[in-house]
Structures are given as C-alpha cells and as structure tokens.
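S.K.: Heads up, the sequence shown is in this note's numbering, so the first residue is 243 and it goes up one at a time.
Ideal Cβ placement from N, Cα and C applies to all residues, glycine included.
A quick note: this is a predicted structure, and the numbers were derived from the prediction, not measured.
Before we start, here is the structure in question, set down as structure tokens.
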Amino acid sequence: MNLYKSHSLSFRRILYRTRHANLRLGPALYGPTPSGPTPCIVYQNGSKVVTVTTAHCRHFSAGGWHNAKNSKRKKAPSVPPNPQKLRRPFKWATRTVSHDVYDALESHILDSSRRATDRFPIAPATLDSDTQKGLPDTLNPHNPEHQTPPSPPDPDDPHPRKTYDALAIDCEMVFMKGREQGLVSIAVVDFFTGDIVLRSLVRPTNTVTDWRREITGINRQKLAHASRKGKVLSGGWREVREKIFNVTTSKTIFIGHALANDLRVLRIATDRVIDSMVMISRAVFGDAKTFPRNWSLKTACRELLGVDVQKTINPHSPIEDAFATRELVLQFVLNPEKLAEWGARTRANLAQIVQKEQTKEEARIERKKLRKAEKKNRSPEQLVEDAAKQAKAKEEKRKAKKEKQKIKAERRKAKAERRALKRARRRKKWEKDRMLQKIKQQKSLKEAEGI
243 MNLYKSHSLS FRRILYRTRH ANLRLGPALY GPTPSGPTPC IVYQNGSKVV
293 TVTTAHCRHF SAGGWHNAKN SKRKKAPSVP PNPQKLRRPF KWATRTVSHD
343 VYDALESHIL DSSRRATDRF PIAPATLDSD TQKGLPDTLN PHNPEHQTPP
393 SPPDPDDPHP RKTYDALAID CEMVFMKGRE QGLVSIAVVD FFTGDIVLRS
443 LVRPTNTVTD WRREITGINR QKLAHASRKG KVLSGGWREV REKIFNVTTS
493 KTIFIGHALA NDLRVLRIAT DRVIDSMVMI SRAVFGDAKT FPRNWSLKTA
543 CRELLGVDVQ KTINPHSPIE DAFATRELVL QFVLNPEKLA EWGARTRANL
593 AQIVQKEQTK EEARIERKKL RKAEKKNRSP EQLVEDAAKQ AKAKEEKRKA
643 KKEKQKIKAE RRKAKAERRA LKRARRRKKW EKDRMLQKIK QQKSLKEAEG
693 I
C-alpha cells in the first residue's frame, strides 16, 4: 500500500504526513484490545475505505523515502574493531620482521657501564640510601619509585597473558614544578610486527610550568578537550607503566632513541635496553666513555634512512618517533656494514672539520704572538704615536656616537611636533564643527519660534 508518492512531495511535507500518520495509527497499531485488532481508517473516498490493523503494523518514517534514481546509499566506512592494531601508518616503515633477528638484536643490548654513563634507571634493590639525593625524580637514576618488569608467565598456565619480546618506546614530556619532567604523550610499538601496542595522551601528575607546545603540540585546552572524549590516561605515568608491564616481562627488550629519558619518566628499571643514539655514536667514535657528539633522531633518519621526520612546521609525533627508532635499529641489525660505512665516512668528515678548526685556532694564536712581538720591538716614540692614534680613534668614535644620538633626538623631537600639529588640527576642526552645530540649532529654534 503506497500512501504517499515520494516524487510529488517535498521533504517537509513528507515529515508532516509521517508524523500525522504515526499519531493516527499509533493507538490502532499498538493498542491491544480484547476483541482483536482495532481498525483505523486511513483513506476514504465515497464507498472506498482503506483500513489498517495491527497486521499492517510498521514504522512510518521518511528515512526510506527518496528518489528512485538515487536509491543507492553509500555505506559508512568500516572502522576496525581495535584502532590500536593499525599497522604501518608510515610508508617507509618495514613490515613484519622475522624473529630470527632476535639473537642479533640481543647483541646490541647496552652493558652496565654504558647504562651508568647514560644515567639509565637503576632497580631499587641495588640502591644506596645516600646516593643522588636532592635531584628531581625524573632526573635521578636512583629514584626509589623505579620498578622492574614482571617475571615471564608460567609455561604451565593454561591462559598466559600476551607479552612482547621487544618494544619501541617514545615519550613526550613537559616541564613541571621542581625541575620535574611530566609525561604527556606516549607511543609503544611492537618491534617485530609493527603493531601499535599503546598510543595515548597522559595527564601530568603535577602542575605544568612549560607545555613545550612547539614540540609536544599540546596545551591545557587541548588536553582538557581530549580528556572529555576519553582519550587521556588520567592515572599519569603510573597507569602507563602498569599497561606496559601487562604486556612485558623481565626478558623484554626496550628500544628507543635517548631511551634513558623515557625510562626515567616512566620509572622503569631494566637491564635489557637498546639505544639507537648510542649505536650511532659508537659507529663513529667507538667504545669511548663519553661521546663528543650525539645525533638527534631527525638527523639520523635523514642521513641513514633518507626519511624526513619531525617536520619543522609540526610538533613531534610519538608514534612517528617510535616507528623511526624501530626502523633505525632494524637497519642497524640487518645491515651492520652500512652503519659501519656511514660511521667511517662521518668520522673522516669530522676529522676534516676538526683539522680546519685547529688550523684556524693556530693561525689566530700566531697572529696574537706576532702582535705581542711587534709591540715589544717598538721604540718609545712609536709606542707614544700608537697611543695617540688609539686615543684619536676613540675620540672620533665617541663623537660619531654622540652625533648619532643627536640625530635620533632631533628625529624624535620632529615626530613629536608632527603629532602635536595633527592634534591641534583635529582640535580646531572639532571646535569648528561644534560651532556650526550650535548655529544650526539656534536657527532651528528661531524658525520654530517664528512659526
């Protein structure tokens, strides 16, 4: 039964008739009666009557009335059930890596001396109560809040928790009171599959003094807006660490660029760490205790991968930095000869730069020595003449400076005079306009009295 024709009615008319039909048919269609269905007259023309009972019950809606020519509707885009499992958000990111590289990856784990030099967090069980007192918690490697990842699950457990063998981590921090660094954003990526394990904003645990918006891209308003949408971990670094510990064990390898900063802000103490920044510096300077230079993630990706990350116009993205760190370490593990060649080439370039700087410094020292020698070999008359020249040069310089100041003062005075003249003109014009207005008012009053 076609009650309405879609092609002959406007949208507003269709809505009106739909509401009207629902109001008329509601009691008949949905009101049960003991004697059976109650008919409702929908249309009557002379002897022809069309009735509807509960047998014809359906929802009257204008949602399905549309032109037959455009009857096909676009389907809504399918949303994956778990957005955290999206893979390869960047074209340059490598796909799934075989676990055969795990042994090669383990060979790059930092030793205890390097971890101590780079101030990696230390487990509370090995701490001395008198060490590193007075430092902020996020700068103190001996912070008692540090915890180690849990032990591996029992192999006999019928329902073991899912864990990862290696994770790439990147954090973005803000500055809080007391020189503390507060975690505000984090990204965790599985090293072997490229799956996004964790990606979220985090609420700092103290008052923020500097949001570092040019780097984090976050301020108080943005964090509050994301919090209203449920996109912020309100538990701070503790909630983040708990989520990480739920998918890691004491055997999990943590990978990052300048990883010590990230682990200190997360209060995670582990001896299974790989730092891509240390790997790059070692390729250039060897096993030195301290490196003369460290390469940023942006520079390392541009020189070693040919990839541009951390664009100047955009703030840093933790997920991009985590994937970039994963890509760097993966290339170092799979192609160690490429890293060695780059290190040798960079070392040669740095040696040339150092040689040029040394040459410049030697020339400067030599010139200084020559001036001293010339000064010693000069006669008293020459010294007096040089002193007179220096005094004359100083006097000329003083006069030139005084003349510049005089010119500036004259310019300021002329500018002030021009401003005063403009004000006087505006005042004169205002007074003239006011006088003309009074004259007009007086004329209008006289005319009114004469009438």
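What residues in its chain sit with their C-beta under 6 angstroms from that of Asn287, if we drop five residues either side in the sequence?
M.R.: The residue you call residue 287 lines up with position 45 of the sequence shown. Low confidence applies here, because Asn287 scores a pLDDT of 48, under 50, leaving its location unreliable; read the following figure in that light. So the list is empty, once near-sequence residues are dropped.
S.K.: Using three-state DSSP, classify Leu352 as helix, strand or coil.
M.R.: On the sequence shown, position 110 is the one that residue 352 refers to. If DSSP states are grouped into helix, strand and coil, Leu352 belongs with coil.
S.K.: Apart from the five residues on each side of it in sequence, which residues of its chain come closer than 6 angstroms, Cβ to Cβ, to Asp513?
M.R.: The residue you call residue 513 lines up with position 271 of the sequence shown. Excluding positions up to five away in sequence, the list is empty.
S.K.: Pull up the distance between the alpha-carbon of Glu599 and that of Ala590, whole angstroms please.
M.R.: Taking the sequence shown and counting its residues from 1, one reaches residue 599 at position 357. Taking the sequence shown and counting its residues from 1, one reaches residue 590 at position 348. Taking the straight line from one Cα to the other gives about 14 angstroms.
S.K.: Using CA atoms only, rank isn't needed, just tell me which of Glu414, Lys688, Ile516 is closest to Gly459.
M.R.: In the sequence shown, counting from the first residue as 1, residue 459 sits at position 217. The shortest Cα separation from Gly459 among Glu414, Lys688, Ile516 belongs to Glu414.
S.K.: Which ranges would you report for the alpha helix (DSSP H) in the stretch 418–496 if only whole runs of at least 4 residues count?
M.R.: Here the runs fully enclosed are 455–458, 462–470, 478–488.
S.K.: With DSSP as the reference, please indicate the residues paired to Gln389 in a beta bridge.
M.R.: In the sequence shown, the residue the question calls residue 389 occupies position 147. Answer by DSSP bridge pairing, in chain order: Ile510.
S.K.: Does the stretch 577–584 touch the stretch 431–451, meaning 3 or more C-beta pairs lie closer than 8 angstroms?
M.R.: Result no; under three Cβ-Cβ pairs closer than 8 angstroms.
S.K.: Look up Cys413 in the DSSP assignment and give the residues it is bridged to.
M.R.: Counted from its first residue, the sequence shown places residue 413 at position 171. DSSP lists Ile428 as partners of Cys413.
S.K.: Can you look up Ala542 in the DSSP assignment and give me helix, strand or coil?
M.R.: Walking along the sequence shown from the start, residue 542 turns up at place 300. Three-state result, Ala542: helix.
S.K.: If contact is defined by three or more beta carbon pairs under 8 angstroms, each pair taking one atom from either stretch, is the stretch 487–497 in contact with the stretch 392–412?
M.R.: Touching, yes.
S.K.: Check Ile555 in the structure and name its three-state DSSP category.
M.R.: In the sequence shown, residue 555 corresponds to position 313, counting from 1. Ile555: coil per DSSP, three-state reduction.
S.K.: So, using beta-carbon positions, are Phe433 and Arg568 closer together than 8 angstroms?
M.R.: Translated into the one-based positions of the sequence shown, residue 433 becomes position 191. Translated into the one-based positions of the sequence shown, residue 568 becomes position 326. Yes; because the gap between Cβ atoms is below 8 angstroms, this pair is in contact.
S.K.: Going by DSSP in three states, Ile516 sits in which element: helix, strand or coil?
M.R.: Residue numbering aside, residue 516 sits at position 274 when the sequence shown is read from its first letter. Looking at Ile516 - three-state DSSP - the assignment turns out to be strand.
S.K.: Measure the CB-CB distance between Arg356 and Val520 and report whether it falls below 8 angstroms.
M.R.: As a working mapping, residue 356 is identified with position 114 in the sequence shown. As a working mapping, residue 520 is identified with position 278 in the sequence shown. Yes, Cβ-Cβ distance for Arg356 and Val520 is below 8 angstroms.
S.K.: Could you tell me the distance, in whole angstroms, from the CA atom of Arg613 to the CA atom of Gln624?
M.R.: The count along the sequence shown starts at 1 and reaches residue 613 at position 371. The count along the sequence shown starts at 1 and reaches residue 624 at position 382. Approximately 14 angstroms between the Cα atoms of the pair.
S.K.: For Ser349, count neighbouring Cβ atoms within 10 angstroms of its own Cβ and tell me buried if that reaches 16, exposed if not.
M.R.: Here the question's residue 349 lines up with position 107 in the sequence shown. Result: exposed.
S.K.: Per DSSP, what kind of secondary structure is Gly585 in: helix, strand or coil?
M.R.: Numbered from its first residue, the sequence shown carries residue 585 at position 343. Gly585 falls in the helix class under three-state DSSP.
S.K.: In angstroms with no decimal places, state the Cα-to-Cα distance between Pro557 and Asp563.
M.R.: As a first step, residue 557 is located in the sequence shown; it is residue number 315 there, counting from the start. As a first step, residue 563 is located in the sequence shown; it is residue number 321 there, counting from the start. C-alpha separation (whole angstroms): 11 angstroms.
S.K.: Buried or exposed for Ser427, please, with buried defined as at least 16 other CB atoms from any protein chain shown within 10 angstroms of its CB.
M.R.: As a first step, residue 427 must be located in the sequence shown, where it is residue number 185. Looking at its Cβ environment, which holds 16 or more other Cβ atoms inside 10 Å, Ser427 is buried.
S.K.: Reducing DSSP to helix, strand and coil, say where Gly528 ends up.
M.R.: One-based indexing of the sequence shown puts residue 528 at position 286. Gly528 falls in the coil class under three-state DSSP.
S.K.: Please confirm whether any heavy atom of the ligand ZN lies closer than 7 angstroms to the CB of Thr449.
M.R.: Judged by which ligands are present, the structure shown has none, so any question about the ligand ZN falls away.
S.K.: Could you round the C-beta distance between Ala502 and Asp360 to whole angstroms and report it? I think they count as a contact, below 8 angstroms.
M.R.: The residue labelled residue 502 in the question sits at position 260 within the sequence shown. The residue labelled residue 360 in the question sits at position 118 within the sequence shown. So it is a contact: roughly 5 angstroms between Cβ atoms.
S.K.: So what does Gly692 bridge to, in DSSP terms?
M.R.: Position 450 of the sequence shown holds residue 692. In DSSP, Gly692 forms no bridge with anything.
S.K.: Can you tell which of Thr449, Leu592, Phe417, Ala466 has its C-alpha closest to the C-alpha of Val507?
M.R.: For the purposes of this step, residue 507 is taken as residue 265 along the sequence shown, with counting starting at 1. Looking at the Cα atoms, Phe417 is the closest of the given residues.
S.K.: Taking the C-alpha atoms as reference points, what is the distance between Lys688 and Glu659?
M.R.: As a first step, residue 688 must be located in the sequence shown, where it is residue number 446. As a first step, residue 659 must be located in the sequence shown, where it is residue number 417. Straight-line Cα distance between these residues: approximately 44 angstroms.
S.K.: Using the beta-carbon count (16 or more within 10 Å), is Ile555 buried or exposed?
M.R.: To locate residue 555, count along the sequence shown from 1; it is residue 313. Exposed: under 16 other Cβ atoms inside 10 Å.
S.K.: Whole angstroms is fine: what's the gap from Ala630's alpha carbon to Arg421's?
M.R.: As a first step, residue 630 must be located in the sequence shown, where it is residue number 388. As a first step, residue 421 must be located in the sequence shown, where it is residue number 179. Near 55 angstroms, if we compare the C-alpha coordinates of Arg421 and Ala630.
S.K.: Could you have a look at Thr642 and say whether DSSP puts it in helix, strand or coil?
M.R.: Within the sequence shown, numbered from 1, the residue matching residue 642 stands at position 400. The question names Thr, but residue 642 in the sequence shown is Ala. Ala642: helix per DSSP, three-state reduction.
S.K.: Assuming Ala335 is part of the alpha helix (DSSP H), what are its boundary residues?
M.R.: Walking along the sequence shown from the start, residue 335 turns up at place 93. No alpha helix (DSSP H) contains Ala335, which DSSP labels as neither H nor E.
S.K.: Going by the beta-carbon positions, is the gap between Val439 and Leu475 smaller than 8 angstroms?
M.R.: As a first step, residue 439 must be located in the sequence shown, where it is residue number 197. As a first step, residue 475 must be located in the sequence shown, where it is residue number 233. No, the Cβ-Cβ distance between Val439 and Leu475 is not below 8 angstroms.
S.K.: Is the distance from the Cβ of Gly498 to the Cβ of Arg337 below 8 angstroms?
M.R.: Translated into the one-based positions of the sequence shown, residue 498 becomes position 256. Translated into the one-based positions of the sequence shown, residue 337 becomes position 95. For Gly498 and Arg337, no; Cβs fall outside 8 angstroms.
S.K.: If we ignore side chains and look at the alpha-carbon of each, how far apart do Ala593 and Glu604 end up?
M.R.: The residue you call residue 593 lines up with position 351 of the sequence shown. The residue you call residue 604 lines up with position 362 of the sequence shown. Approximately 16 angstroms between the Cα atoms of the pair.
S.K.: Tell me the DSSP secondary structure of Ala651 in three-state form.
M.R.: Here residue 651 refers to the residue found at position 409 of the sequence shown. Here Ala651 sits in helix by DSSP.
S.K.: What are the boundary residues of the alpha helix (DSSP H) that includes Ala365?
M.R.: Translated into positions along the sequence shown, residue 365 becomes position 123. Neither: Ala365 is in no alpha helix (DSSP H) and is coded neither H nor E.
S.K.: Is DSSP giving Asn500 helix, strand or coil here?
M.R.: On the sequence shown, residue 500 is found 258 positions in, with the first residue counted as 1. First, the amino acid is wrong: residue 500 is Ala here, not Asn. Reduced to three states, the DSSP call for Ala500 is coil.
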